[in-house]
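Chemist:
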Amino acid sequence: MAEATLRVFRGDSNGGQTVDYRVPIAPGMVVLDALHHIQGHLAPDLAVRWNCKAGKCGSCSAEVNGRPRLTCKTRMDDLPQDQPITVLPMKSFPRIKDLVTDVSWNYRVNRKIPAFEPRPGTDWKISQLDVDRVQEFRKCIECFLCQDVCHVLREHDQKEKFGGPRFFVRIAGLEMHPLDGRNRNALLKDELGLGLCNITKCCTEVCPEEIRITDNAIIPLKERVVDEFYDPLTRMFRRIRGK
Amino acid sequence: MAGSPTLLPESRLGSTLRRDPWWIEILPVIIVMGGFSIYATLRAFEGAYYSWGPYLSPFYSPLIDPQHHWWPLSPALLILAGPLGFRATCYYYRKALYRAFLLDPPACAVGEPSRRKYSGETKFPLILQNVHRYFFYLAVLFICFLWYDAIRAFFFDGHFGIGVGTLVLTLNVCLLSLYTFSCHSLRHLAGGKLDCFSCATFGRSRFAAWRLSTFLNERHMLFAWCSLFSVGFADFYVRLVASGAIRDLRLL
Amino acid sequence: MTANYETREHDVLIIGAGGAGLRASLEALAQGASVGVVCKSLLGKAHTVMAEGGIAAAMANVDTADDWKTHFRDTMRGGKFLNNWRMAQLHALESPDRVRELEQWGALFDRTEKGDILQRAFGGHTFKRLCHVGDRTGLEMIRTLQDRGVQQGIDVYMECTVTRLLTDSGRIAGAFAYWRETGRLIVFKAKSIVIATGGIGKAWRVTSNSWEYTGDGMALAYEAGAELMDMEFVQFHPTGMVWPPGVQGILVTEAVRGEGGILRNKLGERFMEKYDPKRMELSTRDVVARSIYTEVKEGRGTEHGGAYLDISQKPAEYVKKKLPSMYHQFKELADVDITKGPMEVGPTCHYVMGGIRVDAETAESTVPGLFAAGEAAAGLHGANRLGGNSLSDLLVFGRRAGLAAAQHAKRVSAPSMDNSQIESAEKELLAPFSNSGTESPYAVHRDLQELMQNLVGIFRTEADLGKALVELEKLRARAAKAGVEGSRLFNPGWHLSYDLKSMLTVSEAVAQSALARTESRGAHSRIDFPKLDPLWEKKHNIIVKEAGAMKRRESPVEEMPGELQQILAAD
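These protein sequence lines map, in sequence, to chains A, B and C.
Here the first sequence is numbered in the working numbering, starting from 1 and rising by one per residue.
Here the second sequence is numbered in the working numbering, starting from 244 and rising by one per residue.
Here the third sequence is numbered in the working numbering, starting from 496 and rising by one per residue.
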């Protein structure tokens, strides 16, 4: 039976090293299957997060050969077998153990975002054409790969000032909700640091749900922030119309 | 099972565990954008060989004070800030330029050079990127002039005709129009800014407009590159003809 | 008092952060209770996200003739009349309101032309009834509840596993748990506990369930003295992936059939014509699963031992829009383009209809202060669950459980904690570290899955079930010896050794109940008793812990009032 070598990070917040494991290859096998094989036969305490194993829950994020991926959707036969396959934890988050990282920062950011609040007097009739645009954002499975790859977090570690692509997607889903009555532009500009994003699109490249994060969420939000804070004409119009 | 030292890459320029040649993404941008900038600068300062017969180089359109009554330098310098600003603040070019020239980041999941402080587009000068829509308004104005130039290129001494230059200028203005009207800011203004298409006044037509601009916008990068080549080539062609290096071929 | 653990106090503690747990927490919070939610995974990863097809609610947006009575009738018929009629009635009556509520909290369902919530057809439902969001309805639901919960300020204890319920002279006093991340211990004081831990599917080899589905909640309740009911009814979803091996069991949503997917065998025959000519592919899940199983067994299966499910007769764009995650799932994991060719599918362990026996109105178990909702609770679905009824179940009975739990907490005085219970729970939890480690929990788990798959699967016999009970005993002995390597820091081997205990408990409950029920009804098929037995229609199987051992007894099905009987009789 064919075998592959996985070079997996073993360690915790104090550091660690990579360890090589030989794993038999089966047809259609994904990296997560290989990690499970290691757990079941070679290293029972290998820490890995996973749930659905079908690309729907977004738990098994890691960096495979340097690329942020869902390990349950990364096929072994798509990776070169001539050298070891490296599997490392997400770089942007503090390491807990092996491939498990501390993603609690994301949950803290989420708490800053005001929830959906319907406009008063709505009759709850919604047209499909309004739904389509928002449903793209609601596909997000919170795998946090976009947060991992975003250089504002990954290289510049601006977690205090920046919300990250995941939460711009969430806000886009709220702001473009046809019945939502709230305005989150000031929050975007001031607290979540939308301006720190320099739209270099890595979030879009890694999104396993193929959400066009930059073009459909971030840039439209930037334009909305421009409307409210940077464009003198729209500000003037708003003042004239008394809004 | 063999232990080896940690492989977690340190953050420095180019550090990554990616196996693919990631720099291939930015190399063409550096070469083409760099080359274009040098060429455009030289041509802008040249102040000569910008028109021949009915043809006018897009670098010099609209042509202002060619006789140097009040402006001593090349007339291109009066207008180039418009198209330049439109491209420099463009949401697509921002990505390409930040990656290729500022290496911020050089590619996804690749380390950056260590630098002092990152402020993205929140501080001067990059905060000015927020005025992109004003450059868009300006770009529409330029597009009108360029269409005028293209139509004018069909008339040789008052008679209808087509030369190779006519085709070059027409193709160029088509591509420039596609680039201009696939702009993210336009997509926002056309309808993207609405939360509820079905409840807004003229909502259906604005939805249609938004859909159309979305269709174009998805190809914004393609149009950006094609129009960059075409505008450079159009100028180059006019220069060749105007300087007498080649003769314009009349097709009709 | 040992200082080995931290202590937290809540009026209502909810175990499980799926649809039922989150809905319960929102309701308890609305009642003014202090609420804690404990979950084994990160918030928002619960198995509810896997629910694809939709939420069944008789809103009559598409088929205007639909009403609660028809929904009630469909549910009872699908459950082969073993359902708790009051639960089925409440469920049919309340689910439209629960769906509207989700919408008011920001969920965005697919729409009809008129702007109402769109509904689709599903197996066993007379009318188009499933409110849906493409094929990711569960994700929409969990995100909506999660975001509302965060906004309302519930305390969530993520990656925390409860290993024992603490009692004070027979009523609930709290729970003992550990943090998966650090291995540190935590004790919750609570007047009410809601169990919303989902199902038990991880005890089978071919399953659509994630690692979390180890029957913890049922085992906890059982250990605390609660009754489990109708555990023999384990639903095998007819369509799971069969190839490649790594993805075997992953769910293929029933929405594929709801949208017009056709099942064929190797010979190209539309075999459902033989088994249920009236409803064809949209027959109930037990029937379709058995049909596919039979086709394969009789040699008409596909290359990898399944059936073909084909939706490619529909326009490619339509398929991609209505079933986007199925499209991607097959494209990426199996190299199959479902807009061009058929999928290979086969039965996969999916859901357990049985669970903790609860009161229909309050969702309270037989232990005072202990409530259960969702898959962990029994009653609503009887012998077989209809697709789409689980999400509405979570909402309707999640809310009821949260409400009753909060009211209970207001009513009762603070229970006192018994340190000896805490100490014994701690000892039990940490025991694997002192085992010599000759036995691996992973190996025991693999053998358990193989055993349940082969002996307690879709078709059962007395001999198989008897053998299963004997083998389970051996596995239990092996599990007790299983040791773990490494430290308490995020140690999956250790985590599994606890989960294994729960799985063994529920597996035994399933096997015992299945052995006793000498008939075939709904999802329970006995080869040696292939017919419905009218006597068993009147009886529930009850599992309870007595004197340290698992005991089974029978309990009569409650008589249905006349007006509901009339609804059932109507056509």
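By construction, the Cβ of each residue, glycine as well, lies at the ideal position given by its N, Cα and C atoms.
Can you have a look at F9/A and say buried or exposed, based on whether 16 or more other CB atoms are within 10 angstroms of its CB?
Modeler: buried
Chemist: Report the neighbours of V979/C on chain A: residues whose CB is nearer than 9 Å to its CB, in chain order.
Modeler: Correct list: P44, D45.
Chemist: What are the start and end residues of the alpha helix (DSSP H) that includes L421/B?
Modeler: From DSSP, the alpha helix (DSSP H) with L421/B extends over 407 to 424.
Chemist: Apart from the five residues on each side of it in sequence, which residues of its chain come closer than 8 Å, Cβ to Cβ, to P248/B?
Modeler: Below a pLDDT of 50, predicted positions are generally treated as unreliable, and P248/B, at 46, falls in that range; no measurement from the model is reported.
Chemist: Just checking: is the beta-carbon of G363/B within a distance shorter than 7 Å of some beta-carbon in chain A?
Modeler: Yes - at least one Cβ of chain A is within 7 Å of the one on G363/B.
Chemist: From L381/B to I171/A, what distance separates their C-alpha atoms?
Modeler: 31 Å
Chemist: Looking at C-alpha atoms only, which residue of Q128/A, F168/A, I199/A is the closest neighbour of P178/A?
Modeler: Q128/A
Chemist: Roughly how many angstroms lie between the CA atoms of L588/C and D562/C, to the nearest whole one?
Modeler: 9 Å
Chemist: Assess, as a yes-or-no matter, whether the stretch 751 to 761 of chain C is touched by the stretch 37 to 56 of chain A under the definition of 3 or more beta carbon pairs within less than 8 Å.
Modeler: no
Chemist: Just to confirm before moving on: does the CB-CB distance between C45/A and E980/C stay below 7 Å?
Modeler: Per the sequence shown, residue 45/A should be read as Asp rather than Cys. Yes, they are a contact pair.
Chemist: Beta-carbon within less than 6 Å of A245/B's beta-carbon, same chain only, minus the 5 sequence neighbours each way: which residues are those?
Modeler: Unreliable placement is indicated for A245/B, whose pLDDT of 42 sits below 50; the coordinate value is still reported in the next sentence. Excluding positions up to five away in sequence, the list is empty.
Chemist: I'd like the list of long-range same chain contacts for Q81/A, defined as Cβ closer than 7 Å, with 5 residues on each side in sequence excluded.
Modeler: A4
Chemist: Would you verify that the beta carbon of D478/B is, or is not, closer than 7 Å to some beta carbon of chain A?
Modeler: no
Chemist: Flag F731/C as yes if its beta-carbon sits less than 7 Å from any beta-carbon of chain A, otherwise no.
Modeler: no
Chemist: Mind pulling the chain A residues with CB within less than 8 Å of P740/C?
Modeler: A26, P27, G28, M29
Chemist: Which of the residues in the stretch 979 to 1000 of chain C, read from start to end, lie with their CB under 7 Å from any CB of chain A?
Modeler: V979, E980, G981, L984, F985, N986, P987, G988
Chemist: Determine the chain A residues that contact E355/B at a beta-carbon separation under 7 Å, and present them in chain order.
Modeler: H151, E155
Chemist: Can you name, in chain order, every residue of its own chain whose Cβ lies under 6 Å from the Cβ of V507/C, other than the five neighbours on each side?
Modeler: A523, A528, V530, S687, A900, A901, A904
Chemist: Of all Cβ atoms in chain B, is any one closer than 7 Å to the Cβ of N183/A?
Modeler: no
Chemist: Judging by CA-CA distance, which residue of D1028/C, V747/C, G693/C, M912/C is the nearest neighbour of I833/C?
Modeler: V747/C
Chemist: Starting from the beta carbon of A878/C, find every residue of chain A whose beta carbon is closer than 8 Å, and list them in chain order.
Modeler: Going along chain A, no residue has its Cβ under 8 Å from A878/C, so there is no contact; the nearest lies around 27 Å.
Chemist: In chain order, which continuous runs of the alpha helix (DSSP H) of length 4 or greater are located wholly inside the stretch 152 to 183 of chain A?
Modeler: 165 to 175
Chemist: Taking the DSSP output, what are the residues bridged to S536/C?
Modeler: According to DSSP, S536/C bridges with nothing at all.
Chemist: Skipping 5 residues on each side, what residues in its chain have a beta carbon closer than 6 Å to that of W674/C?
Modeler: C655.
Chemist: Would you say I213/A reaches chain B, if we count a Cβ-Cβ gap shorter than 7 Å as a contact?
Modeler: no
Chemist: C60/A and L79/A: beta carbons closer than 7 Å?
Modeler: no
Chemist: At the 7 Å Cβ level, is A975/C part of the contact set with chain A, yes or no?
Modeler: no
Chemist: DSSP puts T502/C in a beta bridge; with which residues?
Modeler: V682/C
Chemist: If we define contact as Cβ-Cβ less than 7 Å, is Y107/A a contact residue for chain B?
Modeler: Cβ-Cβ to chain B under 7 Å: no for Y107/A.
Chemist: Which bits of chain B does D227/A rub up against, with CB to CB less than 7 Å?
Modeler: Within chain B, K436 have C-beta atoms less than 7 Å from the C-beta of D227/A, given in sequence order.
Chemist: What residues from chain A crowd round V374/B, counting only those whose CB sits closer than 9 Å?
Modeler: V226, Y230, D231
Chemist: Does the contact criterion of 3 or more C-beta pairs under 8 Å hold for the stretch 997 to 1017 of chain C versus the stretch 966 to 985 of chain C?
Modeler: Short answer: they touch.
Chemist: Which chain B residues sit within Cβ distance under 9 Å of E205/A?
Modeler: C351
Chemist: In chain order, what residues of the stretch 318 to 341 of chain B put their CB closer than 8 Å to some CB of chain A?
Modeler: Residues passing the 8 Å Cβ filter: Y334, R337, K338, Y341.
Chemist: What does a CB cutoff of less than 7 Å around V965/C pick up in its chain, not counting 5 residues either side in sequence?
Modeler: Exclusion of the five residues before and after V965/C leaves no residue of its chain whose Cβ lies closer than 7 Å to its Cβ.
Chemist: Counting C-beta neighbours from all protein chains within 10 Å, is the total for W266/B 16 or more, i.e. buried, or is it exposed?
Modeler: exposed
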